[in-house]
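Everything on this sheet refers to the single structure shown next.
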Amino acid sequence: MNDQINEQQGNEQQVNEQKPGKKGIDSLALRIALIAVAVVFIAGIVKLKMSNQDIKAKTSSMNGSSCFNDFELEDIDGNKVDESIFSDYKITLINCWGTFCSPCIQEMPTLYELSQEYEEKGVQIIGMCTDLTDKQGNVDQDQLKEAHTIVEKTGAVYPHLIPSGDVFNSFSSKIIAVPTTAFVDSQGNIIDQIMGAKEADEWRKIIDEHLASIDDQSK
């Protein structure tokens with residue numbers, strides 16, 4: 518009897534030695550999962566870095582551009598607008614927005630308040646609704662109606678341009694996201710562009726820095 522029991526225990530021990538332990542399997546699976554997560558994380562960082570570099574390259578290409586030296590178009594109310602819109606102001610902020618863009622719309626009341634606050638300091642703010650025209654430059658009347666509704670609801674009653682014509686088509690083609698705000702001097706030169714919505718104090722800081730720079734240059 519004892520011999521049988523010993524033989525049975527010996528067989529069980531052999532079986533157990535041959536079977537990989539569950540703990541070993543779990544440990545291997547964990548290592549594989551951690552490696553997979555690390556690979557995805559590193560790939561994401563590389564992609565994000567390349568994307569940020571691409572964004573900087575595209576936005577910086579607008580700096581110093583004089584694409585607003587000669588143009589004529591209309592705002593959403595049908596008023597004619599040309600390059601003289603910049604001449605009476607040290608800085609004009611062109612806030613590029615879309616009817617589909619919630620951050621754009623949420624920011625518009627703040628931009629209107631800033632336009633009132635900074636007008637006497639030589640700063641004006643105008644909008645450019647980027648989704649009012651098709652590739653051929655034809656105005657979508659439904660989108661135009663929606664733009665009017667948004668302006669009325671937000672109280673952002675400064676001028677809003679329709680991006681038509683070669684000049685503004687060239688400008689809007691370099692905008693890769695909205696909202697994007699271009700800073701334009703009195704000669705129609707783009708001196709800066711800011712991507713994304715900002716709080717009022719953030720805008721004040723940026724605007725004040727540009728005003729100080731312009732004032733220093735004029736001394």
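Take the sequence shown: its position 140, counted from the start at 1, is 657 in the working numbering, and no numbers get skipped.
Even glycine gets a Cβ: it sits at the ideal position worked out from N, Cα and C.
| Check | Outcome |
| --- | --- |
| State whether the stretch 636 to 646 contacts the stretch 605 to 613, with contact taken as three or more CB pairs (one from each stretch) at a distance under 8 Å. | yes |
| If you measure between the beta carbons of GLY644 and ALA673, is that distance less than 8 Å? | yes |
| Given 8 Å as the limit, is there contact between the stretch 611 to 623 and the stretch 664 to 684, that is, 3 or more CB pairs closer than that? | yes |
| Keeping to the same chain, check which residues put their C-beta closer than 8 Å to that of ALA717; ignore five residues upstream and five downstream. | THR627, GLU630 and LEU631 |
| Between which two residues does the alpha helix (DSSP H) containing GLN710 stretch? | Looking at the DSSP string, GLN710 is not in any alpha helix (DSSP H); the run it does join, the beta strand (DSSP E), is 707 to 712. |
| Write down the C-beta distance between PHE585 and PHE603 rounded to the nearest angstrom, noting that I regard them as a contact closer than 8 Å. | 7 Å |
| Can you give the beta carbon distance from THR650 to ILE692, rounded, assuming they're within the 8 Å contact cut? | Going by Cβ atoms, the distance from THR650 to ILE692 rounds to 14 Å, so no, they are not a contact pair. |
| What first and last residue would you give for the beta strand (DSSP E) that runs through THR609? | 608 to 614 |
| According to the neighbour-count rule (16 or more other Cβ atoms, all chains shown, within 10 Å of its Cβ), is GLU726 buried or exposed? | exposed |
| For LEU649, name the three-state secondary structure that DSSP assigns. | coil |
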